[in-house]
Amino acid sequence: MRIGAAWQNISDKGVPYISLGFSEDILPLIITPDKGIALFPNDDKKEDKDPNFTVVMSKKKKKE
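If you want my numbering, it's the 1-based position in the sequence shown plus 349.
So, in structure tokens, the structure goes:
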């Protein structure tokens, strides 16, 4: 389930970081051990302001 977007940025001191933005409908976001969050590259990026990544949350499969 897509829950937001992420952008690559550089701080005023030149340190790279990733900025996350979450969709309002998933807030407040509760992360539990059975959930996983991943960043996937945004292959449809057309403009500089478009996000570099899509943020996805999934339920982890139970080990059998």
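Here a beta-carbon is modelled for each residue, glycine too, at the ideal position from N, C-alpha and C.
- Task: With DSSP as the reference, label ILE379 as helix, strand or coil.
- Result: Locating residue 379 in the sequence shown gives position 30, counting from the first residue. Correct three-state label for ILE379: coil.
- Item | Touching by the beta-carbon criterion (3+ pairs, under 8 Å), the segment 357-366 and the segment 378-387 | In short, these stretches do not touch, since the Cβ pair count stays below three.
- Task: Please list, in chain order, all residues of the same chain as LYS408 whose beta carbon is under 7 Å from its beta carbon, the five residues on each side excluded.
- Result: Within the sequence shown, residue 408 is the residue found at index 59, counting from 1. Excluding residues within five positions, the ones whose Cβ falls inside 7 Å are ASP383, LYS384.
- Own chain, CB closer than 6 Å to GLY370, minus 5 neighbours either side, in chain order: Position 21 of the sequence shown, counted from the start, is the residue given in the question as residue 370. Correct list, in chain order: GLY353, ALA354.
- Query: Between ILE443 and GLY363, what straight-line distance do the alpha-carbon atoms span, to the nearest angstrom?
  - Reply: Here the chain covers residues 350 to 413 and nothing more, so residue 443 does not appear.
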